[in-house]
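Asker: Take this structure first; my questions come after.
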Amino acid sequence: MAVLRYFFIPLILFSQSPIFSAALPKPRLEWEFKAESNLYAPPLVADFHPNLGQEVVFSDTEARKLVCLSATGEMIWEYDGGWTKRLISGASLSFNAVKEGAAILIGNPDGTLHCLEA
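So this is what it looks like as structure tokens:
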């Protein structure tokens, strides 16, 4: 069983900034979610629903499911595409694949591509 951990990490964009050389705070654990199996692909982080904050979508490899979590680590939904092989790729985001809103695209080694309306 794998654990998805979400950390808050401050980002410094300019190496010439005086803050860059300052001591940065260590990342702190915000939440964690126990997946059903190992996680091999990176998660997709996007704001599909403005009232929920940033959502996290990841492929639960051995369970063959796509899972969406809220910004607080709570499961919003899971999608079982009936895949026969494990999910080894991450999800992608498109704003043009559906008429309104966003779409999540996930491919699989069995040759299928699924487009989910986010």
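In this text, residue positions in the sequence shown follow our numbering: the first is 41, and each later residue adds one.
We treat Cβ as the ideally placed atom computed from N, Cα and C, and that holds for glycine.
In the DSSP assignment, find the beta strand (DSSP E) that holds residue 88 and state where it starts and stops.
Answerer: Element bounds for residue 88: n/a, residue is neither H nor E.
Asker: Which whole runs of the alpha helix (DSSP H) in the stretch 70 to 134 are 4 residues long or more, in chain order?
Answerer: none
Asker: Check for me: the beta strand (DSSP E) holding residue 147 runs from which residue to which?
Answerer: 143 to 147
Asker: Does any residue of chain D have a CB that is nearer than 7 Å to the CB of residue 131?
Answerer: No chain D is part of this structure, which consists of one protein chain only.
Asker: Is the separation between the beta-carbon of residue 148 and that of residue 123 shorter than 7 Å?
Answerer: yes
Asker: What do you get for residue 108, buried or exposed, if any count of 16 or more other CB atoms within 10 angstroms of its CB means buried?
Answerer: buried
Asker: Using beta-carbon positions only, say whether residue 104 and residue 84 come within less than 7 Å of one another.
Answerer: no
Asker: Work out the CA separation of residue 94 and residue 74 for me, nearest whole Å.
Answerer: 19 Å
Asker: Output needed for residue 113: all residues of its chain with C-beta closer than 6 Å, excluding positions within five of it in sequence on either side, in chain order.
Answerer: 71, 73, listed in sequence order.
Asker: Compute the Euclidean distance between the alpha carbons of residue 166 and residue 102, then round it to the nearest angstrom.
Answerer: The structure shown has nothing for residue 166, since the chain only spans 41 to 158.
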